[in-house]
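Since the structure comes first, as structure tokens, the remarks are kept for the end.
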Amino acid sequence: MTTDSSSTNRAPAAGISTFKGKERALRADRLGTGGLLLSVLAATAPLMVVAGVMPTTFAVMGIVGQPLLFVVLGAVLILFSVGYAEMSRHVHNAGAFYAYISRGLGGTAGAGAALVALVAYNSLQVGIYGIFGFEVSGLFATYADLEVAWWIPALAAALAVGVLGLLKIDVNAKVLGVLLVIEVLLVVVFDIAAVADPGTEGLSLHAFNPDTLTGAGVGTALCFCIAAFLGFEQAPVYAEETSRPHVLVPRVMFLAVAGVAVFFALSSWALTVATGPAAIVPTSQEQSAGLLFFLTEDRLGSTFTDVLHVLFVTGMFAAMLSFHNVVARYAFAMGREGLLPAAFGRTSGASGAPGTGSLLQTGIAVVLVLAFALTDDKPAGDPTAPVLHLFTWGGNIGALGVIVLMAIASLSVVVFFVRRGAAGAQAWRLGTSAVAGIALVIIAGYTVKDFDVLVGAGPDSALRWVLPGVIGLALVVGLVQGAVLRARAPETHARIGLGNEAFQLEKEAERTP
Numbered sequence: 001m002t003t004d005s006s007s008t009n010r011a012p013a014a015g016i017s018t019f020k021g022k023e024r025a026l027r028a029d030r031l032g033t034g035g036l037l038l039s040v041l042a043a044t045a046p047l048m049v050v051a052g053v054m055p056t057t058f059a060v061m062g063i064v065g066q067p068l069l070f071v072v073l074g075a076v077l078i079l080f081s082v083g084y085a086e087m088s089r090h091v092h093n094a095g096a097f098y099a100y101i102s103r104g105l106g107g108t109a110g111a112g113a114a115l116v117a118l119v120a121y122n123s124l125q126v127g128i129y130g131i132f133g134f135e136v137s138g139l140f141a142t143y144a145d146l147e148v149a150w151w152i153p154a155l156a157a158a159l160a161v162g163v164l165g166l167l168k169i170d171v172n173a174k175v176l177g178v179l180l181v182i183e184v185l186l187v188v189v190f191d192i193a194a195v196a197d198p199g200t201e202g203l204s205l206h207a208f209n210p211d212t213l214t215g216a217g218v219g220t221a222l223c224f225c226i227a228a229f230l231g232f233e234q235a236p237v238y239a240e241e242t243s244r245p246h247v248l249v250p251r252v253m254f255l256a257v258a259g260v261a262v263f264f265a266l267s268s269w270a271l272t273v274a275t276g277p278a279a280i281v282p283t284s285q286e287q288s289a290g291l292l293f294f295l296t297e298d299r300l301g302s303t304f305t306d307v308l309h310v311l312f313v314t315g316m317f318a319a320m321l322s323f324h325n326v327v328a329r330y331a332f333a334m335g336r337e338g339l340l341p342a343a344f345g346r347t348s349g350a351s352g353a354p355g356t357g358s359l360l361q362t363g364i365a366v367v368l369v370l371a372f373a374l375t376d377d378k379p380a381g382d383p384t385a386p387v388l389h390l391f392t393w394g395g396n397i398g399a400l401g402v403i404v405l406m407a408i409a410s411l412s413v414v415v416f417f418v419r420r421g422a423a424g425a426q427a428w429r430l431g432t433s434a435v436a437g438i439a440l441v442i443i444a445g446y447t448v449k450d451f452d453v454l455v456g457a458g459p460d461s462a463l464r465w466v467l468p469g470v471i472g473l474a475l476v477v478g479l480v481q482g483a484v485l486r487a488r489a490p491e492t493h494a495r496i497g498l499g500n501e502a503f504q505l506e507k508e509a510e511r512t513p
């Protein structure tokens with residue numbers, strides 16, 4: 001295989017402004033395979049997917065074959081990960097997506113991708129505060145007979161996440177790990193209970209029949225389901241904080257994609273077994289997000305269901321913390337490379353965390369939660385209440401952004417290795433990247449086309465274009481910023497995507513006689 005070191009074809013330009021000092025680098029050796037895997041898997045929020053995404057997909061799209069969709073998407077994302085993982089062996093940068101894209105398609109494209117990533121992951125993170133506040137408010141009403149406005153627990157969670165975001169990443173990994181393991185165990189208990197006590201149709205495998213994927217709703221169902229995988233692609237964000245990024249990052253990505261595909265395919269199948277394939281759609285339409293709790297109440301009792309409600313909330317907290325860490329590291333990388341003010345490109349104190357980026361994300365979360373709270377004049381249970389808009393709008397804007405980034409990154413992988421003269425040696429990886437890229441473009445197209453369905457708006461609503469337009473606007477603004485930097489600050493433009501290499505390469509040049 002024809003490869004070389006992790007250095008890029010783009011060396012820093014003469015006179016490039018460089019960063020020196022430990023505060024410009026994330027602390028290495030913080031994460032091993034386990035810590036990295038737990039950090040990225042926490043973003044998938046297993047219980048939120050099983051209790052929220054799966055019933056919604058069954059109910060809205062009326063497709064029984066959701067388990068098969070998870071298998072199909074797992075295959076697509078494995079194909080994507082082949083080239084993406086190989087790229088991670090050559091580029092170690094907290095900017096991940098935009099660093100990869102800049103290496104393949106140039107600094108201007110990288111600047112566009114950077115802003116899309118910042119907007120997308122912020123949207124995903126902030127959106128969860130809506131459903132978190134809604135659920136916590138419901139827990140207070142049910143178990144303490146207290147009426148608590150949704151935005152109070154949402155703001156409290158934003159502050160708690162902000163504090164944890166300033167700590168060492170290995171501390172965060174431990175918090176995420178505990179919450180994630182408990183979530184997974186509870187879902188597995190339900191899966192076993194459903195298989196042990198199936199519905200009237202017994203242990204039917206009908207949900208894996210390709211015939212269940214016929215109909216106009218399949219494309220939109222893919223949009224719902226792909227959001228469940230988001231998190232695996234974050235592994236390269238932590239590359240600088242691992243001991244052997246060229247080994248650990250690819251390993252974790254493949255483990256995450258395969259694990260998520262199998263886990264969610266089996267769990268969604270367990271839901272069809274519990275109700276019976278013929279009844280899963282009408283039961284989901286009747287129970288909505290209460291489907292899982294309805295099924296556990298009957299099979300595992302009220303105590304288990306109560307615990308499940310609580311862990312549903314803590315799982316969302318884990319996802320918020322995971323996305324918060326990613327946003328903070330993107331902001332750090334952008335600050336280090338001149339796409340954000342230099343203050344964002346510094347780590348803080350003994351923790352080595354990207355403190356300014358963490359504060360930025362916390363500030364954005366607080367402002368948006370307050371904005372939705374101030375416009376909330378409806379009961380929390382009202383389907384048009386702003387608290388639920390915060391979740392659906394943020395989640396789908398963010399998911400679209402990440403799908404777009406994955407599609408562009410697939411192209412970038414191909415261009416990167418072709419330009420390095422490694423097309424022959426990397427032919428099969430480039431082939432998988434091309435196939436995955438085409439599949440992701442198709443999914444992105446369906447996402448934009450059916451955005452009204454995804455956010456629960458009418459077909460004539462302006463939201464069907466305005467909300468996905470947020471990602472389009474971010475891309476355009478980022479590209480303009482990149483073009484301006486290329487014309488007015490070429491030394492900054494040359495640094496986009498290089499990360500630590502910008503000053504490491506210059507130091508080496510200074511030592512060379």
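My numbering puts the first residue of the sequence shown at 1, with every later residue one more than the last. Idealized CB from N, CA, C, for every residue including glycine. Every value quoted in this text rests on a predicted model; they were computed, and no experiment measured them.
query                                                                                                                                    : result
Selected residue, minimal CA-CA separation from threonine 57, among Val252, Tyr100, Ser288, Pro198                                       : Ser288
Separation of alanine 256 from glycine 315, as counted between CA atoms                                                                  : 17 Å
CB-CB length for serine 267 against valine 484, believed under 8 Å                                                                       : Incorrect: roughly 48 Å between the Cβ atoms, too far for contact.
Continuous alpha helix (DSSP H) stretch holding proline 55: start and end                                                                : 54-61
Enclosing alpha helix (DSSP H) for aspartate 438 [first to last residue]                                                                 : Per the sequence shown, the amino acid found at residue 438 is isoleucine instead of aspartate. Counting along the chain, the alpha helix (DSSP H) containing isoleucine 438 begins and ends at 427-449.
Identified DSSP bridge partners for phenylalanine 348                                                                                    : Here the sequence assigns serine to residue 348, which means phenylalanine is not the residue at that position. DSSP lists Ala353 as partners of serine 348.
Simplified DSSP state of serine 358, which is helix, strand or coil                                                                      : helix
Sequence-distant residues of the same chain with beta carbon closer than 8 Å to tyrosine 446, five excluded per side                     : Gly219, Thr220, Leu222, Cys223
Beta-carbon gap between leucine 430 and glycine 133 smaller than 8 Å                                                                     : no
Inter-residue CB distance, leucine 164 and leucine 321 (contact presumed, cutoff 8 Å)                                                    : 6 Å
Nearest-angstrom Cα separation, counted from proline 67 out to glycine 345                                                               : 42 Å
Proline 198 in three-state terms, based on DSSP                                                                                          : coil
Proximity below 8 Å, CB of alanine 157 to CB of tyrosine 121                                                                             : no
Contact set for glycine 21: own chain, Cβ-Cβ below 7 Å, skip 5 residues either direction                                                 : Interpretation of glycine 21 is limited by its pLDDT of 44, a score under 50 that renders its predicted location unreliable; the figure taken from the coordinates is listed afterwards. Excluding residues within five positions, none has a Cβ falling inside 7 Å.
Reduced DSSP category for leucine 340 - H, G, I as helix; E, B as strand; rest coil                                                      : coil
With 16 other Cβ atoms within 10 Å as the buried cut-off, status of tryptophan 151                                                       : buried
Same chain, Cβ closer than 7 Å to arginine 464, five either side skipped, listed in chain order                                          : Phe451, Asp452, Ala457
Anticipated Cβ contact below 8 Å, tyrosine 238 with leucine 405, distance rounded                                                        : Wrong, their Cβ atoms sit about 17 Å apart, outside the cutoff.
Span separating the alpha-carbon of valine 116 from that of alanine 99                                                                   : 13 Å
Enclosing alpha helix (DSSP H) for leucine 155 [first to last residue]                                                                   : 151-165
Sequence-distant residues of the same chain with beta carbon closer than 7 Å to leucine 38, five excluded per side                       : Ala173, Leu176, Gly177, Leu180
Buried versus exposed, by CB contacts within 10 Å (16 or more), tryptophan 428                                                           : exposed
Of the listed residues Leu308, Ala489, Trp269, nearest to proline 198 (C-alpha basis)                                                    : Trp269
Pair within 8 Å by beta-carbon distance, leucine 300 and alanine 193                                                                     : yes
Sequence-distant residues of its chain with Cβ nearer than 8 Å to arginine 251 (five each side left out)                                 : Thr33
Where proline 236 falls, given that 16 or more other Cβ within 10 Å makes a residue buried                                               : buried
Validate contact between the segment 406-419 and the segment 103-117 using beta carbons, cut 8 Å, 3 pairs                                : yes
Contacts around glutamate 201, its chain only, beta-carbon distance under 7 Å, and the 5 residues preceding and following it disregarded : Gly276, Pro277, Ala278
With 16 other Cβ atoms within 10 Å as the buried cut-off, status of alanine 14                                                           : Unreliable placement is indicated for alanine 14, whose pLDDT of 38 sits below 50; no coordinate value is reported for it.
C-beta contact flag for phenylalanine 70 and alanine 265 at 8 Å                                                                          : yes
8 Å Cβ cutoff, aspartate 298 in contact with chain D                                                                                     : The structure shown has no chain D; it contains just one protein chain.
Coarse secondary structure for histidine 90, derived from DSSP in three states                                                           : coil
Where aspartate 306 sits in the DSSP three-state scheme                                                                                  : helix
DSSP-derived helix/strand/coil call for serine 322                                                                                       : helix
Start and end residues, alpha helix (DSSP H) containing serine 538                                                                       : Because the chain here runs from 1 to 513, residue 538 falls outside it and cannot be looked at.
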